[in-house]
Amino acid sequence: MSGVRDDLTTRGAEVRVPEDEPTSSWPDVVVVPGVAFTAHGARLGQGGGWYDRYLAATRPDCIAVGVCFREQLRDDLPTEPHDVGVDVVVTDDGVVQRPG
């Protein structure tokens, strides 16, 4: 880093971005942390809803990848209507693909 840019603006969750760059580009893949996951893609976060809102706003073909230890995989988790699941879960023991 050679210096601080003066042309930054705050967007979203207090993220500083250049004013002149487009904000409409979206990633192909999002790595999503969680407290626990299921093989069906349900995710238990930390209760803030940040990833749920972000994933709901991304392209429909964006792949959400949950990352956790195998001990964090559960058979079932409580979910709410606003919860956005992940497409695949990667653990230290392998990959769990969401059915369907």
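Under this note's numbering, the sequence shown has 75 at position 22, and the numbering climbs by one with no breaks.
Heads up, the beta-carbon is just placed ideally off N, CA and C, and yes, glycines get one too.
The structure presented is a predicted model; accordingly, all values stated were derived computationally and were not measured.
Whether residue i touches residue j by CB criterion (7 Å)
| i | j | result |
| --- | --- | --- |
| G100 | G87 | no |
| V137 | D105 | yes |
| R112 | W79 | yes |
Contact set for residue i: own chain, Cβ-Cβ below 6 Å, skip 5 residues either direction
| i | result |
| --- | --- |
| R127 | A89, T91 |
| T132 | A95 |
| A117 | V83, V85, L108, V139, D140 |
| Q150 | V141 |
Residue burial classification, residue i (beta-carbon count within 10 angstroms, cutoff 16)
| i | result |
| --- | --- |
| R96 | buried |
| M54 | Residue placement at M54 is flagged as unreliable, the pLDDT there being 48, under the threshold of 50; the coordinate-derived value follows with that caveat. M54 should be labelled exposed. |
| G119 | buried |
Close Cβ partners of residue i (< 7 Å) along its chain, the five nearest in sequence each way excluded
| i | result |
| --- | --- |
| T63 | R69 |
| D145 | F122, R123 |
Which listed residue (the options) has its alpha carbon closest to that of residue i
| i | options | result |
| --- | --- | --- |
| A110 | R151, V83, G147 | V83 |
| D81 | P152, D60, C115 | C115 |
| G147 | L130, C121, D129 | C121 |
| P152 | E67, D60, H93 | H93 |
Same chain, Cβ closer than 8 Å to residue i, five either side skipped, listed in chain order
| i | result |
| --- | --- |
| G102 | H135 |
| L130 | A89, F90, T91, A95, R96, L97 |
| Q125 | G87, V88, A89, F90, T144 |
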